[in-house]
Amino acid sequence: MQPVHRTLDILEVIARSQSSMSLAEISQELSLSPSTVHRFMKDLEDRGFVIRTNKRRYLLGPAVRALLSNTSSHQVREAAAPVLRNLVRQHGEAAFLAEMTGAKVVCIEFFEGTRSLRHHVQVGTTLPLNAASSARAIMSMLPEDEIDDILADATLEQYTARTITSKEVLKSHLASSRTLGYDVCDDEMEDFTWAVSTPLSDGKGPIPFAITTVAPLSSMQSANRREELIASTRQAGRVVSHELGATSRDT
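Going left to right, the sequence shown walks through residues 1 to 251 as the UniProt record's numbering numbers them.
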């Protein structure tokens, strides 16, 4: 049981800290060697329980919030699947569910649309933090210091001519998405593709999941069509969130 105890001790030390902690500070606090602590930190980082900043300091990660919320990936998939299917039936466009673990956002459920749309997203696809509306929708609900720490180590690659590659511009975009309650990817991750994502919540607040509707850009030239998909996706997010225990004030 010693490894379990040590893992919990590390999480408790970081949770008590008022700021990020270095490996040396954690080692000193627990009277453990840096090599021992490093081994545990690597596992915790891989699972999303801690985030390592570019200054090699550690903060609690989004997996801790997911654990505290009592909402598992399986529960979210079960709640989201029928809602995503309904989105596809309603509009004929593809829809998917994404989850953030650590500093990574991955597609965990995907439902094909009835249109012929070439895209690269499937279950298991890692979605770029700066270009995918799903990643940005989830990040928009994170505390600002956590966003800073995630972006500190991130490389913002350019996928299309419209991709955001500036961290300051991305942070401003996330603030706008948080206010709106959704994020739109307009030809930013894949050429000729449009998407809208909305973050999910449960009875305890935001959780690291988002649902997305994806459409060919050619079908989204009408403002009415865009507003229709934004409204439907946001409503779908509310339905899933309510299923997970959120109230109308949370969504």
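Cβ atoms here follow ideal geometry from the backbone N, Cα and C, with glycine treated the same way.
Give me, in chain order, the residues of the same chain whose beta-carbon lies closer than 6 Å to that of S166; leave out the 5 immediate sequence neighbours on both sides.
Same-chain partners within the cutoff: there are none.
How would you call V214, buried or exposed, if buried means at least 16 neighbouring beta carbons within 10 angstroms?
buried
task: Below 8 Å CB to CB, which residues in the same chain sit around R162 once its five sequence neighbours on both sides are set aside?
output: D186, D187 and E188
*asked:* What ranges does the beta strand (DSSP E) occupy inside the region 75-110, keeping only unbroken runs of at least 3 residues that lie completely in it?
replied: 94-101
query: Looking only at C-alpha atoms, which of V50, P3 and V37 sits nearest to A15?
result: V50
task: Could you tell me whether the Cβ atoms of T160 and D191 are closer together than 8 Å?
output: yes
*In terms of alpha-carbon separation, which member of G237, A154, P143 and Q158 lies closest to L174?*
P143
Practice item. Rank D145, V106, F96 and D202 by C-alpha distance to the C-alpha of G124 and give the top, closest one. Key: V106
Would you give the residue range spanned by the alpha helix (DSSP H) that L180 belongs to? K167 to L180
Going by DSSP in three states, S27 sits in which element: helix, strand or coil?
helix
### Query
Between which two residues does the beta strand (DSSP E) harbouring A210 extend?
Looking at the DSSP string, the run of the beta strand (DSSP E) that includes A210 is G205 to P216.
Between the C-alpha atoms of R39 and V88, what's the straight-line distance to the nearest angstrom? 44 Å
Practice prompt. Rounded to whole angstroms, what's the CA-CA distance from F110 to T126? Just pull it up for me.
Written response: 13 Å
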